[in-house]
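Chains as they are written, first to last, in the working numbering: chain A, 1 to 265; chain B, 1001 to 1211. Where is the CB? At the ideal position from N, CA and C, for every residue including glycine. Everything numeric in this text was worked out from a predicted model, so none of it was measured. Below is one structure, written out as structure tokens, with a few remarks after it.
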């Protein structure tokens, strides 16, 4: 049976800390809460400035590279929706780049594990990857039919996986930025995606076309074979998913005031 | 008056003072100023923008008949043209439209109720579709638009329906309910045609701003 942790505020992103001993949630009140994984007790509440790196990387709309050197934020000038801009700042907060990033809003954004690349998907279905040293566009993916709602780099930085409305996980080789693989099996659109810390597993969470409150599935994949290993039920559209370093837990958040923990051991 | 209007006023005043804007016949500068502003104000305002949403799909077919024989839902015709702010046609305009089916579902696997049209010289379009259903997470009936034309800013917007129960019979008062519809102008009056095959019709003209 899955365990449920209650949160005071809606949880938008989850990450494990301390090798899996704690779980942190980025919440709708722009604060993070850290719970003890074993007991579910609240350990502390944190402001954005003091987030642990693994959560700061997910604390959309302002995401931070794992070393904290850079942050990136999606901007929609004048609420016109016909121009997305990604603002990249350095540690001091000074602007580094303003990157044009398609139109219709940014659907997903994140840094590579070493902070050298920044990737962002747009609701116009395009996906862009930039070199964070000089702002150069490394790859502009224009061939996707639908928008990507979720994305993660493998912990070794070798792969970029992204998925969205067509239920397929697209995997790019970051050495060449060529599309390397496509994984199919999620029964709904995909709204959450995360690698395990050893890169051997991938978790994806669904988003029903009916409504965000409709039940969906969470899939745990063997990344090497590209086959789903396990399936879990989720009560609603999965906003964020995380796998514990110790391999014992999978956590999922749905935008509401709960985090669900599935034991994997 | 907003900042942009104030700047425009300063600039115009400057033009008159420097002799860059002069009247063909003798005229006081205040009268000249007023006439110029009046003429400028007659330019139509660009159509307001609205969100793109998560379900845009690239590569929709170039078809104006979206409804298939036997499709459930109330038949709807959408007519309109794409113009600049001076009301001139924009040959080369393209519109992408997508909407939910009668049950409020978007087809994300295929291209049902999705089209991409190249409008040609007349810069006009007609869509034969159905009244969209109510998508549960955004419960006002709507059709999504993405419009582009050479030399003009791309516009992302939506058309809504004044008859939608969502507006409770009073879109003027209720259009802003639940923060779904950003602008009253996007809520279109619905005409009902009962002769022959009954169908509803809306007009949705689109005015693009210069790039």
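- Under the 8 angstroms Cβ criterion, the stretch 1085 to 1099 of chain B counts as touching the stretch 1118 to 1130 of chain B, having at least three qualifying pairs.
- With 16 or more other Cβ atoms inside 10 Å of its own Cβ, residue 167/A counts as buried.
- Residues of the same chain with a CB within less than 8 angstroms of the CB of residue 122/A, apart from the 5 flanking positions on each side, are 84, 101, 102, 103, 104, 105, 106, 107, 128, 147 in chain order.
- Counting the other CB atoms within 10 Å of its CB gives residue 1099/B a total of 16 or more, which places it among the buried residues.
- Taking 9 angstroms as the threshold, the shortest C-beta distance from residue 186/A to chain B does not fall below it.
- Within the same chain, and ignoring the five residues on either side of residue 63/A in sequence, the residues whose Cβ sits closer than 8 angstroms to its Cβ are 56, 57, 71, 72, 73, 109, 110, 111.
- When Cβ pairs closer than 8 angstroms are counted between the two stretches, the stretch 8 to 16 of chain A is seen to touch the stretch 26 to 33 of chain A, the count reaching three or more.
- Contact between the stretch 1034 to 1047 of chain B and the stretch 128 to 146 of chain A is absent: fewer than three C-beta pairs spanning the two stretches fall below 8 angstroms.
- Membership of residue 1123/B in any beta strand (DSSP E) is not indicated, and neither H nor E is assigned to it by DSSP.
- The residue from 1080/B, 1137/B, 1168/B with its alpha-carbon nearest to that of residue 1201/B is 1080/B.
- Sequence-distant partners of residue 188/A (beyond 5 residues in either direction) whose C-beta falls short of 8 angstroms from its own C-beta, in its chain, are 167, 206, 207, 208, 209, 216, 217.
- Chain order gives the chain A residues near residue 1055/B as 165, where near means a beta carbon separation below 7 angstroms.
- When 38/A, 119/A, 21/A, 194/A are compared, the shortest CA-CA separation from residue 65/A is found for 119/A.
- Comparing alpha carbon positions, the residue from 1096/B, 1197/B, 1053/B, 1062/B closest to residue 1070/B is 1197/B.
- With 16 or more other Cβ atoms from the protein chains shown falling within 10 Å of its own Cβ, residue 144/A counts as buried.
- Residue 1104/B holds the alpha-carbon nearest to the alpha-carbon of residue 1072/B among 1056/B, 1037/B, 1104/B.
- Within the stretch 134 to 149 of chain A, contact with chain B at the beta-carbon level (separation under 8 angstroms) is assigned to 144, 145, 146, 147, 149.
- In this structure, residue 13/A sits away from residue 197/A, with a CB-CB distance that is not shorter than 9 angstroms.
- The Cβ atoms of residue 1056/B and residue 211/A do not sit closer than 9 angstroms to each other.
- Chain order gives the chain A residues near residue 1049/B as 78, 79, 80, 81, 82, where near means a beta carbon separation below 9 angstroms.
- When DSSP states are grouped into helix, strand and coil, residue 27/A belongs to the strand group.
- Secondary structure at residue 1010/B: helix, using DSSP grouped into helix, strand and coil.
- DSSP places residue 1199/B within a strand segment (E or B) once states are collapsed to three.
- Under the three-state reduction of DSSP output, residue 17/A falls in the strand class.
- Chain A places no beta carbon closer than 9 angstroms to that of residue 1160/B, leaving this residue out of the contacts.
- When DSSP assignments are scanned along the stretch 1016 to 1101 of chain B, the uninterrupted stretches of beta strand (DSSP E) that are 3 or more residues long and fall wholly within it turn out to be 1075 to 1084, 1094 to 1099.
- Unbroken alpha helix (DSSP H) runs of no fewer than 4 residues, entirely contained in the stretch 1151 to 1201 of chain B, are found at 1171 to 1174, following chain order.
- Distance check between residue 222/A and each of 260/A, 185/A, 213/A, 44/A places 185/A closest, using alpha-carbon atoms only.
- Scanning the stretch 113 to 191 of chain A from its first residue to its last, the whole beta strand (DSSP E) runs of 3-plus residues come out as 117 to 122, 127 to 131, 137 to 141, 148 to 153, 159 to 164, 168 to 173, 178 to 184.
- Only 1153, 1154, 1155, 1156 from the stretch 1138 to 1163 of chain B bring a Cβ to less than 7 angstroms from some Cβ of chain A.
- Beta-bridge partners assigned by DSSP to residue 44/A: 34/A.
- Counting the other Cβ atoms within 10 Å of the Cβ of residue 1053/B gives 16 or more, which makes it buried.
- Within a 10 Å sphere around the beta-carbon of residue 82/A sit 16 or more other beta-carbons, which makes this residue buried.
- Under a 10 Å Cβ-count criterion, residue 1199/B is classified as buried, with 16 or more other Cβ atoms of the shown protein chains found around its own Cβ.
- Taking every protein chain shown into account, the CB of residue 1189/B has fewer than 16 other CB atoms within 10 angstroms, so this residue is exposed.
- Look at residue 29/A: its C-beta is not under 9 angstroms from any C-beta on chain B.
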